[in-house]
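Take a look at the structure below.
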Amino acid sequence: EGMYIAMDGIENLYARQVLEQAADTVRQGASLYNALDQAKLFPPTMLYMIASGEESGELGSLMDRAAENQESALQHRITLTLSVFEPALVVTMATVVLFIVLSILQPLLQLNNMVG
11 EGMYIAMDGI ENLYARQVLE QAADTVRQGA SLYNALDQAK LFPPTMLYMI ASGEESGELG
71 SLMDRAAENQ ESALQHRITL TLSVFEPALV VTMATVVLFI VLSILQPLLQ LNNMVG
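See below:
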(Lines of atoms letter the chains of each structure in order from A; the text may use other names.)
(Lines give C-alpha, C1' and ligand atoms only; values in the text may rest on other atoms or scores of the structure.)
Protein backbone atom coordinates (compact mmCIF):
# COMPACT_ATOMS: atom_id res chain seq x y z
CA GLU A 11 0.00 0.00 0.00
CA GLY A 12 2.90 2.33 0.79
CA MET A 13 4.27 1.98 -2.73
CA TYR A 14 0.96 3.14 -4.21
CA ILE A 15 0.97 6.17 -1.90
CA ALA A 16 4.56 6.98 -2.85
CA MET A 17 3.67 6.79 -6.56
CA ASP A 18 1.32 9.76 -6.20
CA GLY A 19 4.36 12.05 -6.01
CA ILE A 20 6.02 10.68 -9.15
CA GLU A 21 5.50 12.72 -12.30
CA ASN A 22 7.73 10.61 -14.58
CA LEU A 23 5.29 8.37 -16.44
CA TYR A 24 7.80 5.60 -17.14
CA ALA A 25 8.96 5.43 -13.51
CA ARG A 26 5.37 5.40 -12.32
CA GLN A 27 4.44 2.50 -14.62
CA VAL A 28 7.49 0.49 -13.58
CA LEU A 29 6.77 1.09 -9.89
CA GLU A 30 3.13 0.11 -10.38
CA GLN A 31 4.31 -3.20 -11.81
CA ALA A 32 6.71 -3.60 -8.87
CA ALA A 33 3.90 -2.84 -6.40
CA ASP A 34 1.71 -5.44 -8.09
CA THR A 35 4.57 -7.94 -7.85
CA VAL A 36 4.93 -7.23 -4.12
CA ARG A 37 1.18 -7.55 -3.67
CA GLN A 38 1.39 -11.01 -5.27
CA GLY A 39 3.86 -12.06 -2.57
CA ALA A 40 7.31 -11.29 -3.98
CA SER A 41 9.89 -9.54 -1.85
CA LEU A 42 10.41 -5.81 -2.25
CA TYR A 43 14.00 -6.44 -3.32
CA ASN A 44 12.96 -8.82 -6.12
CA ALA A 45 10.21 -6.51 -7.33
CA LEU A 46 12.49 -3.46 -7.45
CA ASP A 47 15.34 -5.47 -8.95
CA GLN A 48 13.06 -6.48 -11.84
CA ALA A 49 12.11 -2.82 -12.29
CA LYS A 50 15.73 -1.91 -13.17
CA LEU A 51 15.05 1.59 -11.88
CA PHE A 52 17.27 1.74 -8.80
CA PRO A 53 21.04 1.43 -8.37
CA PRO A 54 22.41 -1.87 -7.06
CA THR A 55 23.63 -0.33 -3.79
CA MET A 56 20.11 0.76 -2.93
CA LEU A 57 18.71 -2.65 -3.84
CA TYR A 58 21.27 -4.42 -1.64
CA MET A 59 20.36 -2.17 1.27
CA ILE A 60 16.68 -3.01 0.75
CA ALA A 61 17.47 -6.74 0.65
CA SER A 62 19.54 -6.43 3.81
CA GLY A 63 16.75 -4.49 5.50
CA GLU A 64 14.19 -7.12 4.58
CA GLU A 65 16.36 -9.91 5.95
CA SER A 66 17.26 -8.11 9.18
CA GLY A 67 13.85 -6.59 9.85
CA GLU A 68 15.33 -3.08 9.73
CA LEU A 69 13.85 -2.12 6.38
CA GLY A 70 12.74 1.33 7.53
CA SER A 71 16.13 2.47 8.80
CA LEU A 72 17.95 1.04 5.80
CA MET A 73 15.48 2.72 3.44
CA ASP A 74 16.24 6.01 5.22
CA ARG A 75 19.95 5.40 4.78
CA ALA A 76 19.46 4.48 1.11
CA ALA A 77 17.49 7.71 0.60
CA GLU A 78 20.30 9.70 2.24
CA ASN A 79 22.83 8.01 -0.05
CA GLN A 80 20.73 8.87 -3.11
CA GLU A 81 20.37 12.48 -1.99
CA SER A 82 24.12 12.71 -1.43
CA ALA A 83 24.83 11.25 -4.88
CA LEU A 84 22.37 13.67 -6.48
CA GLN A 85 23.94 16.62 -4.67
CA HIS A 86 27.36 15.49 -5.90
CA ARG A 87 26.09 15.28 -9.50
CA ILE A 88 24.55 18.75 -9.24
CA THR A 89 27.79 20.19 -7.88
CA LEU A 90 29.79 18.53 -10.65
CA THR A 91 27.39 19.76 -13.33
CA LEU A 92 27.51 23.31 -12.00
CA SER A 93 31.30 23.25 -11.79
CA VAL A 94 31.35 22.48 -15.52
CA PHE A 95 28.49 24.82 -16.40
CA GLU A 96 29.78 27.92 -14.58
CA PRO A 97 32.99 28.41 -16.63
CA ALA A 98 31.06 27.82 -19.85
CA LEU A 99 28.57 30.48 -18.79
CA VAL A 100 31.38 32.93 -17.99
CA VAL A 101 32.95 32.39 -21.43
CA THR A 102 29.57 32.85 -23.11
CA MET A 103 28.88 36.07 -21.22
CA ALA A 104 32.38 37.37 -21.99
CA THR A 105 31.76 36.72 -25.69
CA VAL A 106 28.45 38.59 -25.57
CA VAL A 107 30.05 41.55 -23.76
CA LEU A 108 32.94 41.58 -26.26
CA PHE A 109 30.46 41.63 -29.16
CA ILE A 110 28.55 44.54 -27.59
CA VAL A 111 31.73 46.52 -26.90
CA LEU A 112 33.02 45.95 -30.44
CA SER A 113 29.68 46.92 -31.96
CA ILE A 114 29.83 50.22 -30.05
CA LEU A 115 33.53 50.93 -30.69
CA GLN A 116 33.59 50.06 -34.39
CA PRO A 117 31.42 53.01 -35.51
CA LEU A 118 33.37 55.35 -33.23
CA LEU A 119 36.68 54.22 -34.73
CA GLN A 120 35.29 54.58 -38.26
CA LEU A 121 34.09 58.08 -37.42
CA ASN A 122 37.52 58.92 -36.00
CA ASN A 123 39.19 57.69 -39.21
CA MET A 124 36.85 59.84 -41.34
CA VAL A 125 37.59 62.95 -39.32
CA GLY A 126 41.31 62.32 -38.98
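Numbering (our numbering), first residue to last: 11 to 126.
Note that beta-carbon positions come from the ideal geometry of N, C-alpha and C, so glycine has one too.
On a predicted model such as this, the values are computed, not experimentally measured, just so you know.
Relative to the alpha-carbon of residue i, which residue among the options has its alpha-carbon at the smallest distance?
i     : options                    : result
Arg62 : Asn44, Glu78, Ala49        : Looking at the sequence shown, residue 62 is not Arg but Ser. Measuring from the Cα of Ser62, the nearest candidate turns out to be Asn44.
Phe52 : Met73, Gly67, Ala40        : Met73
Leu69 : Ser41, Val94, Ser113       : Ser41
Glu11 : Gly39, Ile88, Tyr24, Leu23 : Gly39
Roughly how far, in whole angstroms, is the beta-carbon of residue i from the beta-carbon of residue j, given that I think they are within contact range, below 8 Å?
i     : j     : result
Met13 : Arg26 : At roughly 11 Å, the Cβ-Cβ gap does not stay under 8 Å, so Met13 and Arg26 are not in contact.
Leu29 : Ile20 : 7 Å
For residue i, does the three-state DSSP call read helix, strand or coil?
i      : result
Glu11  : coil
Asn123 : helix
Ile114 : helix
Ala40  : coil
Asp34  : helix
Legend entry - Cβ contact check for the stretch 105-121 and the stretch 79-86: 3 or more pairs under 8 Å: no
Legend entry - Ordered list of alpha helix (DSSP H) runs contained in the stretch 42-101, each at least 4 residues: 42-49, 54-66
Inset, instruction - Check whether the stretch 54-69 touches the stretch 22-39, counting contact only when three or more Cβ pairs, one atom from each stretch, lie closer than 8 Å. - result: no
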